[in-house]
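Novice:
Residue numbers (this note's numbering), protein chains in the order written: chain L, 1 to 394; chain W, 1 to 314.
In structure tokens:
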């Protein structure tokens, strides 16, 4: 893990031109109905929308390069457009002009519903069988038995805390949700943070699932009206405790250092960075479990370079790439074999990144109106506007 | 002799062109003004109207795809959600308070620069006002985050002066207070005022410089004391400058989305709402509806400013 994970790829002018040209091209190209049956010769390029740090070509750190070899082998030049949020990824895919996207679970189903991605023929991806069986048919990329992508990496949100305040790790998310006296004798008011994104409502639901069993929450992403209302109520109370919501990882690091923040939902990235600076910060997955993300490489419905895209999807599953990426990003490989024998990740790397926590993680998916509850659930667009309202103190 | 024959013909073409343009001044005017007018019309107004048109589309609730059909759903949704009203009101009040504060600080500074400072001091003061504009806006905002942080410079200085109680009292103020300066409205306000101050000082200086010395002397000769001269002569003459400056500070605060994102308690402002609806959620219709609000507010504001003579002071 290094700082460069967050470094944004500059929009190199030639790349921009390609992206713009492709965007216009996509309008003309009709969506292909049936998945590819045979991988032919590469088209010379592949355009990917990815999280920053997800596709490295050795420019940030020479040791981390899983692009150059692919380009040499297949002749497909890899063009990356980074996106900072799931919503941005959906917006970019809606605009078109890209072949692949590394979509998180809260974006993937929206892309499927919007017909922006196409079914992937996994018979053309020999390594698919190597994927962790728990991820092979995950509901955030498999709809009606059809596969809409290839699992890439996964990780989760941790509870970061200050070790001088908490001598023992906090056991519950309560420390960030409800007003209470912390072990140092002072209130948590103004000393905790929460994530600045509507998907955070699921974190509240996950906590309520454990502490208010009478609500009957089964899945924090499928909330009926009553459960949703309870989650919003909890978040309104939290608004009074939170001094600032975080969305920029570096700003959160700064707030842990200078703003007196002692507990917050966070990523391993910030914790590693703070520990690297010898700050008294550690992380834990509390008793209620945690929310997490599992990303899938998905294929655009109007992909201009399907052959190169399939070649990349196969390439994305090789052990070396999966292990290197896990070491770089602090995430977990979707291919378990990648955990062993990787020089950058080391054999303890997967355990450090939390591979064993898999069963305690509720993975992001897009909340939809249609769900297991016969009365229906609250869809995502309401999460968005309600979360903005909560941030505004309403 | 073909070349000799061709030359006079070419000359005569230019001559004819020149003559015909001379005889048709309107055509000449059209040719000169056409390209810039097209630029203004197509690029500027065109994009503005494209934006307005977007606000009458709606977004498919699940997939986030913009449905390009006329519908009022976006507008009814925008108006009926009270959280949107909060955002508009919050931003408007912040812009208003920042503008008033900037005017209160800028006027004495500008007055000193124009009426008391020597040539040298004046040059130094001009430089002092302009210098911050030469450094990166982001660097200045991030520095303010550190200055105002709970464990930052301001709290340290206050502690050294045994004035922590004063800071705590300010932060305990309901609504505008918070756990620390950098996470409260007070902090957002301070940074806004700092960042936009030069845009207020410069027009006020320009306006004050145009107040003739003879008028002030005449006021004294007629028996007005300095206070009266200021109230009855100098201030009314310089006021259009204040209004001109307020156009900048007001509209800049109205649209900014970076300062409230870095300094403050994460309560959304207009610019942030537009940014997150357009750039993050891909909900361009709602973003467009949000964008109409500052356009309307500024339209009203500029009409008022024109009445007050602000455009003569620019």
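Backbone N, C-alpha and C fix where the C-beta goes; we use that ideal spot for every residue, glycine too.
Keeping to the same chain, check which residues put their C-beta closer than 8 angstroms to that of residue 380/L; ignore five residues upstream and five downstream.
Specialist: Excluding residues within five positions, the ones whose Cβ falls inside 8 angstroms are 106, 110, 198, 366, 367 and 368.
Novice: Between the segment 64-75 of chain L and the segment 285-295 of chain L, are three or more C-beta pairs nearer than 8 angstroms?
Specialist: No: the two stretches stay apart, fewer than three of their Cβ pairs being nearer than 8 angstroms.
Novice: Taking C-alpha atoms, which residue in 35/W, 58/W and 94/W lies nearest to residue 271/W?
Specialist: Among 35/W, 58/W and 94/W, the Cα nearest to that of residue 271/W belongs to 94/W.
Novice: Count the CB pairs spanning the segment 311-319 of chain L and the segment 162-176 of chain L that are closer than 8 angstroms, and state whether there are at least three.
Specialist: With the cut-off at 8 angstroms, the segment 311-319 of chain L and the segment 162-176 of chain L do not touch.
Novice: Helix, strand or coil for residue 151/L, going by three-state DSSP, please let me know.
Specialist: It is a strand residue.
Novice: Could you check whether the segment 136-145 of chain W touches the segment 196-215 of chain W, counting it as contact only if at least three pairs of C-beta atoms, one from each stretch, sit closer than 8 angstroms?
Specialist: Output reads no: the segment 196-215 of chain W does not touch the segment 136-145 of chain W.
Novice: Look up residue 85/L in the DSSP assignment and give the residues it is bridged to.
Specialist: BP columns for residue 85/L are empty, so no partner.
Novice: What does a CB cutoff of less than 8 angstroms around residue 245/L pick up in its chain, not counting 5 residues either side in sequence?
Specialist: Excluding positions up to five away in sequence, the list reads 193, 194, 195, 196 and 391.
Novice: For the segment 372-387 of chain L against the segment 118-128 of chain L, are there 3 or more C-beta pairs whose distance is under 8 angstroms?
Specialist: The segment 372-387 of chain L vs the segment 118-128 of chain L: no contact.
Novice: Could you round the C-beta distance between residue 112/L and residue 143/L to whole angstroms and report it? I think they count as a contact, below 8 angstroms.
Specialist: Indeed, because the Cβ distance is near 5 angstroms, the residues count as touching under 8 angstroms.
Novice: Can you give the Cα-Cα distance for residue 289/W and residue 386/L, rounded to whole angstroms?
Specialist: The alpha-carbon atoms of residue 289/W and residue 386/L are separated by roughly 18 angstroms.
Novice: Taking 9 angstroms as the threshold (C-beta atoms), are residue 161/L and residue 354/L in contact?
Specialist: The answer is no: Cβ separation not under 9 angstroms.
Novice: Can the beta-carbon of residue 190/W be found less than 9 angstroms from the beta-carbon of residue 148/W?
Specialist: Going by C-beta atoms, residue 190/W is nearer than 9 angstroms to residue 148/W.
Novice: Just checking: is the beta-carbon of residue 179/W within a distance shorter than 9 angstroms of some beta-carbon in chain L?
Specialist: Closer than 9 angstroms: yes.
Novice: Whole angstroms are fine: how far does the CA of residue 311/L sit from the CA of residue 40/L?
Specialist: One C-alpha to the other measures close to 9 angstroms.
Novice: By alpha-carbon positions, which one of 168/W, 161/W and 136/W ends up nearest to residue 150/W?
Specialist: Selected option, being the one with the closest Cα: 168/W.
Novice: Quick check: what's the CA-CA separation for residue 245/W versus residue 172/W?
Specialist: If I take the Cα positions, the gap works out to 32 angstroms.
Novice: Is any beta-carbon of chain L found at less than 9 angstroms from that of residue 262/W?
Specialist: Interface residue, yes.
Novice: How is residue 207/L classed by DSSP in three states: helix, strand or coil?
Specialist: Residue 207/L: helix per DSSP, three-state reduction.
Novice: Indicate whether at least one CB of chain W lies closer than 9 angstroms to the CB of residue 243/L.
Specialist: Output row for residue 243/L: interface = yes.
Novice: Short check: CB of residue 330/L to CB of residue 383/L, under 9 angstroms?
Specialist: No, the pair does not count as a contact, with Cβ atoms beyond the cut-off.
Novice: Give the range of the beta strand (DSSP E) segment to which residue 300/L is assigned.
Specialist: Per DSSP, residue 300/L belongs to the beta strand (DSSP E) from 290-300.
Novice: Taking C-alpha atoms, which residue in 55/W, 80/W, 77/W and 75/W lies nearest to residue 319/W?
Specialist: As shown, chain W starts at 1 and ends at 314. That puts residue 319/W outside it, with no answer to give.
Novice: Check for me: the beta strand (DSSP E) holding residue 211/W runs from which residue to which?
Specialist: Counting along the chain, residue 211/W falls outside any beta strand (DSSP E), and DSSP gives it neither H nor E.
Novice: Can residue 101/L and residue 300/L be called in contact, C-beta distance under 9 angstroms?
Specialist: For residue 101/L and residue 300/L, yes; Cβs fall inside 9 angstroms.
Novice: At which residues does the beta strand (DSSP E) containing residue 159/L begin and terminate?
Specialist: 158-162 is the extent of the beta strand (DSSP E) around residue 159/L.
Novice: Give me the Cα-Cα distance between residue 80/L and residue 326/L, rounded to the nearest whole angstrom.
Specialist: Cα-Cα distance, rounded: 19 angstroms.
Novice: Strictly under 9 angstroms for the Cβ-Cβ distance: is residue 183/W near chain L by that measure?
Specialist: Closer than 9 angstroms: yes.
Novice: Along the chain, where does the alpha helix (DSSP H) containing residue 229/W start, and where does it finish?
Specialist: 226-229 is the extent of the alpha helix (DSSP H) around residue 229/W.
Novice: Buried or exposed, going by whether 16 or more other CB atoms sit within 10 Å of the CB of residue 242/W?
Specialist: Buried, by the Cβ-count rule.
Novice: What residues from the segment 194-220 of chain L come within 7 angstroms of chain W, judged by C-beta to C-beta, listed N to C?
Specialist: Those residues of the segment 194-220 of chain L that come within reach of chain W (Cβ to Cβ, closer than 7 angstroms) are 196.
Novice: Out of curiosity, what's the CA-to-CA distance linking residue 228/L and residue 237/L?
Specialist: Taking the straight line from one Cα to the other gives about 14 angstroms.
Novice: Among 303/W, 219/W, 43/W and 240/W, which residue has its Cα nearest to the Cα of residue 204/W?
Specialist: Measuring from the Cα of residue 204/W, the nearest candidate turns out to be 240/W.
Novice: With DSSP collapsed to three states, give me the class of residue 206/W.
Specialist: Reduced to three states, the DSSP call for residue 206/W is helix.
Novice: How is the alpha helix (DSSP H) around residue 108/L delimited, first residue to last?
Specialist: First-last of the alpha helix (DSSP H) with residue 108/L: 105-113.
Novice: Chain L partners of residue 266/W, CB-CB under 8 angstroms?
Specialist: The contacting residues are 196, 242, 244, 245 and 391.
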